[in-house]
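Engineer: Just passing along the structure, written as structure tokens.
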Amino acid sequence: MWRRRQGRLRPVVCGVEELRCRRREREAELRKARREQQLISKRLLRDDVPEEAGEGCAAAVLGEAEVQQFLWLAQRGTEEKEREKALVSLRRGLQHLETQQIFIRLEGSMRTLVGLLTGSRALLQLEAARCLHELSHSEQSAVAEACLPATSYLLTYLSGHSSDFIELCLYTLGNLIVESEAVRRQLLPQGIVPALATCIQSPHVAVLEALGYALSQLLQAKEAPERIIPSASAGSSILGSTLPQHMLQLLQPGPKLNLGVAVEFSWCLHYLICSQVNNALLIAHGALSTLGLLLLELAGAVQRPENAGLELLACPVLRCLSNLLTEAAAEAVAEHMQLRDERVVVALFVLLQFFFQKQPGLLPEGLWLLNNLTAHSPSFCTSLLSLDLIEPLLQLLPVSNVVSVLVLTVLCNVAEKGPAYCQRLWPGPLLHSLVNILAFSDTEVVGQSLELLHLLFLYQPKATEAFLQQSGLQALERHREEAQLCARVHALQQTALHG
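For the sequence shown, UniProt numbering gives the first residue as 1, with consecutive numbering after it.
Dropping the structure here:
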């Protein structure tokens with residue numbers, strides 16, 4: 001029976017395979033958009049400087065003469081305290097773009113600062129590094145490029161003993177890396193990747209967070225997929241180093257998991273995965289298993305009161321899993337995740353409920369993962385049905401058009417698995433929800449609901465009778481004149497009337 005229906009519908013509206021192909025093409029476009037939405041930013045450690053706590057007034061802009069005087073005193077002052085004070089004054093002035101521009105125009109200013117950075121006086125060295133940090137945070141790329149002579153020294157100091165100094169160098173390098181391709185070109189042959197691979201073994205949480213930030217900036221460079229990530233040259237590229245294995249270790253759930261560190265490295269993993277250089281290697285290293293366990297950990301955490309900041313980790317973890325699932329064959333997903341389908345689905349719905357109540361902006365992230373789980377996996381679709389999760393899914397429809405499209409796409413994934421799955425979808429609140437959706441004006445939401453209705457009519461003929469009883473034809477009529485929808489509307493009308 002349904003075979004004849006499919007044949008009759010095909011001249012007017014796409015068949016199941018065409019629908020699937022069209023939906024996957026649309027999802028590929030969405031994935032591309034996600035890869036291009038990068039979180040480039042800069043970090044500033046100014047608030048961590050103890051002596052500035054409680055100051056009531058902002059630092060003043062320095063003139064050229066003042067910059068020259070502070071540099072001269074810092075280099076040639078008679079007492080170390082006087083030299084340090086001059087550098088502190090210079091650093092505060094460098095909080096302003098006007099002072100930064102004066103500084104980089106002055107001949108020999110950077111050479112003087114680098115000289116202090118590489119000197120033997122620890123306090124002066126630290127203040128010089130703080131001056132560079134202020135410069136690295138500039139909104140002008142010319143200021144970042146002026147810091148180029150200092151970058152190789154900052155890199156060298158990553159192997160030092162002071163965790164505070166290493167942290168400062170990492171944030172400064174991270175700010176410079178994201179701003180200047182010239183900085184990246186210089187740092188790569190000088191060994192920034194091996195240096196970062198050494199830092200990731202640090203026992204200090206602050207160093208690990210700073211490292212995660214610097215690494216994420218490096219991974220977002222436009223040349224990263226070609227020059228920074230590939231593993232052809234072992235040790236000098238990200239995938240050729242030990243960084244991926246250590247990153248995944250730091251994301252392992254357990255008492256040692258630190259939220260700040262996990263957030264930084266989950267974003268690093270996100271950028272690695274989005275580069276699509278060698279996701280099979282990441283899966284082989286256990287990325288799917290680690291992320292699956294982390295998903296369960298997050299679902300448990302949201303049910304406890306102390307979950308502040310959790311959404312910062314949930315977003316990259318969901319994105320990593322979503323994008324990795326497009327690389328792994330459907331039959332290999334469960335094996336690599338080493339988790340039962342039901343546990344994953346339950347954990348995801350716990351998070352969806354949390355997002356619905358606390359962070360609705362994150363609902364699309366969770367639904368995107370659910371879409372990728374159900375796209376090619378009958379077992380995940382079965383879990384969705386056996387756990388009675390269709391109605392909770394339908395409750396998300398009113399949140400937004402984006403959420404509606406994703407919910408309907410997941411339901412299409414279930415329905416397209418065939419008559420047995422449509423029979424489980426039916427009867428229930430689904431058809432009533434679809435008729436209500438046809439009152440919407442958003443073309444994409446309505447179009448996705450038409451695809452789902454087509455699958456229901458194809459595999460569950462009783463749905464057409466109920467559709468007529470619920471005034472479905474009148475709801476369809478609303479969209480008969482819309483160019484993008486009219487062919488499918490006409491096909492569904494004919495199917496509902498003539499079977």
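For glycine and all other residues, C-beta sits at the position ideal for the given N, C-alpha and C.
All of these numbers come straight from a predicted model, not from anything done at the bench.
On a CA-only basis, which of S236, E226, S275 and L132 is nearest Q100? Give me that one, please.
Structural biologist: Counting from 1 along the sequence shown, the entry for residue 100 is found at position 100. The shortest C-alpha separation from Q100 is found at L132.
Engineer: Does DSSP classify R31 as helix, strand or coil?
Structural biologist: On the sequence shown, residue 31 is found 31 positions in, with the first residue counted as 1. Confidence in R31 is poor, its pLDDT being 46 and thus under 50, which makes the residue's placement too unreliable to answer from.
Engineer: Between the C-alpha atoms of V88 and V207, what's the straight-line distance to the nearest angstrom?
Structural biologist: Here residue 88 is taken as the residue at index 88 of the sequence shown, counted from 1. Here residue 207 is taken as the residue at index 207 of the sequence shown, counted from 1. C-alpha separation (whole angstroms): 24 Å.
Engineer: At 4 residues or longer, and completely inside the segment 177-218: list those alpha helix (DSSP H) runs for me, N to C.
Structural biologist: Listed in chain order, they are 181-190 and 192-199.
Engineer: Between Q493 and the rest of its own chain, which residues show a CB-CB distance below 7 Å, the 5 nearest in sequence each way excluded?
Structural biologist: The sequence position of residue 493 within the sequence shown is 493, counting from 1. Contacts found: L473 and L476.
Engineer: Inspect the CB distances between the segment 253-267 and the segment 212-222 and report whether three or more fall short of 8 Å.
Structural biologist: Yes, the segment 253-267 is in contact with the segment 212-222.
Engineer: Would you kindly check if the distance between the Cβ of L281 and the Cβ of S237 is under 8 Å?
Structural biologist: Taking the sequence shown and counting its residues from 1, one reaches residue 237 at position 237. Taking the sequence shown and counting its residues from 1, one reaches residue 281 at position 281. In this structure, L281 does not lie closer than 8 Å to S237 by Cβ.
Engineer: Which runs of the alpha helix (DSSP H) fall wholly inside the segment 352-385 and span at least 4 residues, in chain order?
Structural biologist: Taking only runs of at least 4 residues, the alpha helix (DSSP H) segments lying wholly in the segment 352-385 are 363-375.
Engineer: Taking the straight line between their C-alpha atoms, what separation do you get for Q470 and L310?
Structural biologist: Along the sequence shown, read from residue 1 onward, the residue named residue 470 stands at position 470. Along the sequence shown, read from residue 1 onward, the residue named residue 310 stands at position 310. Going by the C-alpha atoms only, they are around 43 Å apart.
Engineer: In this structure, does DSSP put H270 in helix, strand or coil?
Structural biologist: On the sequence shown, residue 270 is found 270 positions in, with the first residue counted as 1. Helix at H270.
Engineer: With 16 as the cutoff for other CB atoms within 10 Å, does Q357 come out buried or exposed?
Structural biologist: Indexing the sequence shown from 1 puts residue 357 at position 357. So Q357 counts as exposed.
Engineer: So the candidates are L452, E127 and G292; which of them puts its Cα closest to the Cα of Q252?
Structural biologist: The residue labelled residue 252 in the question sits at position 252 within the sequence shown. Closest option to Q252, Cα to Cα, is G292.
Engineer: Among the candidates S400, D442, K42 and V403, whose CA atom is the shortest distance from the CA of L218?
Structural biologist: Translated into the one-based positions of the sequence shown, residue 218 becomes position 218. Checked all of S400, D442, K42 and V403; the closest Cα to L218 is K42.
Engineer: Let me know the secondary structure DSSP gives L106 once reduced to three states.
Structural biologist: Against the sequence shown, residue 106 aligns to sequence position 106. Three-state DSSP puts L106 in coil, outside helix and strand.
Engineer: L411 and L373: beta carbons closer than 8 Å?
Structural biologist: The residue you call residue 411 lines up with position 411 of the sequence shown. The residue you call residue 373 lines up with position 373 of the sequence shown. Cβ distance not < 8 Å, so L411 and L373 don't count as in contact.
Engineer: Alpha carbon to alpha carbon, how far is A28 from R105?
Structural biologist: Here residue 28 is taken as the residue at index 28 of the sequence shown, counted from 1. Here residue 105 is taken as the residue at index 105 of the sequence shown, counted from 1. Confidence at A28 is low in this model, with a pLDDT of 49, below 50, so its placement is unreliable and no value can be given for it.
Engineer: For A128, which of S216, F457, A74 and L367 has the nearest alpha-carbon?
Structural biologist: What you label residue 128 is simply residue 128 of the sequence shown in a count that begins at 1. Nearest of S216, F457, A74 and L367 to A128, Cα basis: A74.
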